[in-house]
Each structure stands twice: as structure tokens, then as C-alpha cells.
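Trainee: Residue numbers (the numbering used here), protein chains in the order written: chain A, 1 to 399; chain B, 1 to 172. Glycine residues also receive a C-beta, built at the ideal position from the N, C-alpha and C atoms. The structure that follows is given in the form of C-alpha cells.
As C-alpha cells, then:
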């Protein structure tokens, strides 16, 4: 059962993708089952997609997960509230700040504590810088997947600076545990905000390079436009979120539509916009649209960071909380806009030191499910482009 | 719409399976044992009618819950007789959420699948099934998703016992 593709397309529905310039030759070969992964570089981690192919045509595909399952939810029921924080770093390791934030907000929803203003602004700066870093990896490695090596190096150049900024503020480069329940761990070191401002200025100059080098590159457009189209209805039905829904033309962003922290204030100030794909290069909801949304979002994050720098206040960065937290009995679900979509934490407390349930709704997990529907009917070569465009982090799908 | 508005609407359209609701409250100062409840309000629904209930939530034009954000289960304690099924619905159009809780007896942990209503629940249900030993009747692809196919037990149940070894690999 496990090694069988169950969603194979019946032969009568097998049509090859055609443009006006492409000629399809209708030759049937016996169906072949191939393993894409678990160690394929384009799967971005240890994931396996079992594909059934008819020549170059993918006729059925099913992702197999769980190779990176580390029992995060079970651990959550066995360690104290604050002790769980480092585990949140490890599900979406490209956006650890955002994971820390999501978990902290969920626990704070039960605690009902006030977060100092300065801590909130530092949190937003870190979350948005991390979003830029995450999108840089998503965009850079996506180019790498489909054969463009150079933009990847450009993307990592800026990401390196972003990581050194985080190293200065919390000492870690990847797994931060910096945003704590009640605020942030420590105040920014002297000169940090000035360096962030410099980073924003430099990034703004470098950003057009990504667009020129890769995004509007004809080879890239040919490779991604009209490939892996996710319709509006499909995006809603599969519960997609974040860049995946905006890539399908749905104007939805939790930062604006269900604001948390002071994103509502930033939005009302008109400091940022929400890029929504319009299907400029091909059908709406194709791979190109999704990568366009990511590239555009980086600049919006820069604007949010600048707003926070301009409105920075002095004061404490963490509220007064006991070392061993006792969280009031109750349950709360908090969803935040991670770089990959809605990261939800559902936490249940019985009033004790340890949670009853820590549920993680990882956006990658939900976004990946759509592959079962969009891979069949595509070409084997496009499968790499489609999987890359969903921008999954396997640490999060498996948790 | 706020929670009360959603609840009123659910009552007005006679959403199938709606049993009640639970809202956060402050502790009663007279009763020392009462600690109150923190967090979000949620609707309580009959598990066997959950699929009909979410269908009504999706199709009603004033609720308009287009997305199932999350479906999971909770085992509140070792002695509890019932598991909770927790569902989070989201309306993009009206920007509101609804948390749903359905109680499911541990002795007969089975309920109709939500996949005909929301495709999003397909993988969530697979995860729920393997982690809690819940059977989703009518699920199109009821395989394990994160655990190996031959895994014994339901790891997220509170009475789960950790295995001593797995295929000759010691787990102690």
C-alpha cells in the first residue's frame, strides 16, 4: 500500500501540456513508478515523492513525508512552557524568529500579559528581517533547482548580512530562541538599529538585481510561467496560505486582515502593501506568480522594518514573568503570517507548568498537500519547478 | 462577525450538530477552586455531525468559511473518557474565525471524514488518525503520513507507552 501511487490518472485523461509552438507526439509507454527523493536536492530536505510516469508525463504523484519527524508535538506535552521554545526554532528553520513569535503569541494569549512596546517593535523587525532571509533562500534555491546558479549566490550574499545581524542581537545564526514569552530575550546592542537601517538601504539597491537576473529572465519565465497552476478554488479548498494564496490571486494576508501586535497600526499608516499575483506572465496561479509574490514581499518587509525603526521607543524589552511559568487553564489558537503561510499554534493548558497539548499547524504541511493534485498532468522536468515553487521546509512538514 | 454573532447565525440556520459553546471567563472571586478559563471561545459540536456542521458553515452566505485551517485532536488526560476534535475554520471574505470542538469517546473513536467538504482536511485527518487512533469513516487515503506504516500505538494519546525497540533498534 505504501509503495503504490493511488491517484493515477486514467489513460483517457492524459493530455500533454501544449503551447502553440509545441508539438505533442502521442506515444504511450508502460507506466513507470519512480522515486523523486528522498535525497534529491530539489526536494529541499528529506522528502520523497513517488511518481507514476508515462514517458515524460507525470500521471500520478504522492508525497511521502515523515523522514524528519521529531515528535515536536509530543515533546510539547513533556517539557515546560518556556523549555519548548527552542523546539519551535527547529520546525521551519529558515524562519525561526517567526516560529518563536507564533508560539510566544499563543502562550501570551492564555497568559493575557502586556508586551512592552519596544519589545513588540523589535519582534516585528526580527520577524520581517527573517522573512526577507527566508524568501531569499526560497527564491535563490528555486533558481538553483531549475538551473540558474548565479542568483542563488546573490541571494545568499544579503542573507549572510541578515544572519550576522541576528548573531549580533542574540548570538545565533539559525536557531534563535530570541523572541520569548513576554517579550524578547535582551535589548539590541548599541548600533544595531543603525546597522539594520544600513541593511535596508543596501538591500533596496540590491533588490533590483534579483528581478533583473532571475525574475524577468526569459529562460526563467519560460520555465515557470503556465506551470503548476493552482486555481483560486483549489487554493481555498486545500487550505493554502501565505504566498501560495497570494500567488493564486487571493488578496489575503494575516498581517493586514487579522492584525496581531502592531501590524494593524503599520497598515493604517500606509507603510506597506500586499503584493497579489495578477498572472502577468501566464495563467494566474502559476509558479512564476508565486515567486513574483515572494520577491515583491521582500521590499514590503523592508518598509515595515523602516517604520519600526522610525517609531522605536525606549523601555523594557520583556515583561515581568516568573522563571517557571504557570499558564492559566484554557485553550487558544493563534495564527500568524509566516514567510510560508499561516503558522498556527493551538495550545491547551490545565493551569500547570506543562502544556496539555501543543499543536503546530505548519504552513508547509498544508501547502504540500496540493502537490497530489497539481503534479499529475505535468512533465517530469516541471515537477522540480512545481515542488520548488511551493517553497516547503521539510522540518515543518514533518515537525 | 464576532463569536456571538457567528453563534447566533449558526442557531438561526439550525446548523446540524451544534450542541453549545464555551467562552473564556474570569475566575469567580467567591469560589476559590474556580480558576476561570483563558483563551478563545469555541463552539461545541456533535462529532458524528461534524462534517454536516462544517458544510453548513462553508455554504452559508453570511458565515462563508471557505477554509479549514486546522484539524487536530487532543487527549486531555489519561483518565478522560473522551478525545477532543479541534477544528479551526476561517472566512477570508468576512475575516472571522471559528474554533470548533467535538467530543469523541475513546472507546469508539470514529467519525465521518471531512474530506468531502474540505480537501484541506485530508492530510490533517491522516495525521490525526495515526497519532490518536481515530478512524475517519470515508477517508479516501487512510494511510499513515508521518509515522512508518508498521508503527504500533497512538503516540499522542496520554496513555501511550514508548516502544522498547523498533526493528532491532533500541529506543531506550
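Just mark residue 174 of chain A as buried or exposed, buried being the case when its beta carbon has 16 or more other beta carbons within 10 Å.
Mentor: Burial call: exposed.
Trainee: If you count every other CB in all the chains shown that lies within 10 Å of the CB of residue 434 of chain A, and 16 or more means buried, which is it?
Mentor: Residue 434 of chain A is absent from the model: chain A starts at 1 and stops at 399.
Trainee: Answer yes or no: does any C-beta atom of chain A fall closer than 8 Å to that of residue 35 of chain B?
Mentor: A Cβ of chain A is located within less than 8 Å of the beta carbon of residue 35 of chain B.
Trainee: When you check each C-beta in the segment 100 to 118 of chain B against every C-beta of chain A, which residues fall closer than 8 Å?
Mentor: 118
Trainee: Hey, how far is the Cα of residue 181 of chain A from the Cα of residue 336 of chain A?
Mentor: Going by C-alpha positions, residue 181 of chain A is about 15 Å away from residue 336 of chain A.
Trainee: What span of residues does the beta strand (DSSP E) with residue 88 of chain B cover, start to end?
Mentor: 82 to 91
Trainee: Listing by chain order, which chain E residues have their CB less than 7 Å from the CB of residue 39 of chain B?
Mentor: Absent from the structure: chain E. Protein chains present are A and B.
Trainee: Output needed for residue 68 of chain A: all residues of its chain with C-beta closer than 7 Å, excluding positions within five of it in sequence on either side, in chain order.
Mentor: 45, 46, 394, 395, 398.
Trainee: Could you tell me which uninterrupted beta strand (DSSP E) segments, each at least 3 residues in length, are contained entirely in the segment 227 to 262 of chain A, listed from first to last along the chain?
Mentor: Entirely contained in the segment 227 to 262 of chain A, not one beta strand (DSSP E) run reaches 3 residues.
Trainee: What residue range does the alpha helix (DSSP H) around residue 365 of chain A cover?
Mentor: 363 to 368
Trainee: Report yes or no: is there a C-beta of chain B within less than 8 Å of the C-beta of residue 44 of chain A?
Mentor: Not flagged as an interface residue toward chain B: residue 44 of chain A, since no C-beta distance is shorter than 8 Å.
Trainee: Report yes or no: is there a C-beta of chain A within less than 8 Å of the C-beta of residue 5 of chain B?
Mentor: No, its Cβ sits nowhere closer than 8 Å to a Cβ of chain A.
Trainee: From the DSSP secondary-structure annotation, give me the bridge partner or partners of residue 62 of chain A.
Mentor: A/50
Trainee: Just curious, the alpha helix (DSSP H) that residue 186 of chain A is in, first and last residue?
Mentor: That residue, residue 186 of chain A, is in no alpha helix (DSSP H); it is neither H nor E in DSSP.
Trainee: Taking 6 Å as the limit between beta carbons, can you name the residues of its chain near residue 150 of chain B, skipping five residues before and five after?
Mentor: none
Trainee: Going by C-alpha distance, which of B/42, B/137, B/115 is nearest residue 333 of chain A?
Mentor: B/42
Trainee: Tell me, which residues are paired with residue 70 of chain B by DSSP?
Mentor: B/88
Trainee: Among B/94, B/83, B/120, B/114, which residue has its Cα nearest to the Cα of residue 108 of chain B?
Mentor: Per the C-alpha coordinates, the member of B/94, B/83, B/120, B/114 positioned closest to residue 108 of chain B is B/83.
Trainee: Along chain A, in chain order, which residues have C-beta atoms closer than 8 Å to that of residue 145 of chain B?
Mentor: 65, 66
Trainee: Given residue 330 of chain A, which residues of its chain have a CB within under 7 Å of its CB, disregarding the five upstream and five downstream residues?
Mentor: 110, 349
Trainee: Would you say residue 95 of chain B lies against chain A (beta-carbon separation less than 8 Å)?
Mentor: yes
Trainee: With contact counted as at least three CB pairs below 8 Å, one residue from each stretch, are the segment 291 to 303 of chain A and the segment 73 to 87 of chain A in contact?
Mentor: no
Trainee: Between residue 69 of chain B and chain A, is there a C-beta pair that is closer than 8 Å?
Mentor: Yes - at least one Cβ of chain A is within 8 Å of the one on residue 69 of chain B.
Trainee: In this structure, what does DSSP give as the bridge partners for residue 35 of chain A?
Mentor: A/50
Trainee: Could you give the DSSP three-state label for residue 168 of chain A: helix, strand or coil?
Mentor: helix
Trainee: May I ask you to report which of helix, strand or coil DSSP gives residue 145 of chain B?
Mentor: coil
Trainee: I think residue 171 of chain A touches residue 229 of chain A, with their Cβ atoms under 8 Å apart; what is that distance to the nearest whole Å?
Mentor: That pair is no contact at about 44 Å.
Trainee: Just how far apart, CA to CA, sit residue 48 of chain A and residue 339 of chain A?
Mentor: 23 Å
Trainee: In this structure, what does DSSP give as the bridge partners for residue 357 of chain A?
Mentor: A/348
Trainee: Check the C-beta distance from residue 100 of chain A over to residue 164 of chain A and give it rounded, since I have them as a contact under 8 Å.
Mentor: Not confirmed; about 19 Å, so no contact.
Trainee: Does DSSP put residue 23 of chain A in a helix, a strand or coil?
Mentor: Reliability of the predicted coordinates at residue 23 of chain A is poor, the pLDDT of 47 falling under 50, and the value obtained from them is presented with this limitation in mind. Here residue 23 of chain A sits in coil by DSSP.
Trainee: Taking 8 Å as the CB-CB cut-off, is residue 342 of chain A touching chain B?
Mentor: yes
Trainee: Residues in the same chain with beta-carbon distance under 6 Å from residue 90 of chain B, minus the five sequence neighbours each way, listed in chain order, please.
Mentor: 67, 69, 97
Trainee: I want to see whether chain B comes within less than 8 Å of residue 452 of chain A, judged by CB atoms only; does it?
Mentor: Here chain A covers residues 1 to 399 and nothing more, so residue 452 of chain A does not appear.
Trainee: Touch check for the segment 27 to 37 of chain B and the segment 48 to 67 of chain B: three-plus C-beta pairs under 8 Å?
Mentor: no
Trainee: If the criterion is Cβ atoms closer than 8 Å, does the pair residue 190 of chain A and residue 316 of chain A meet it?
Mentor: no
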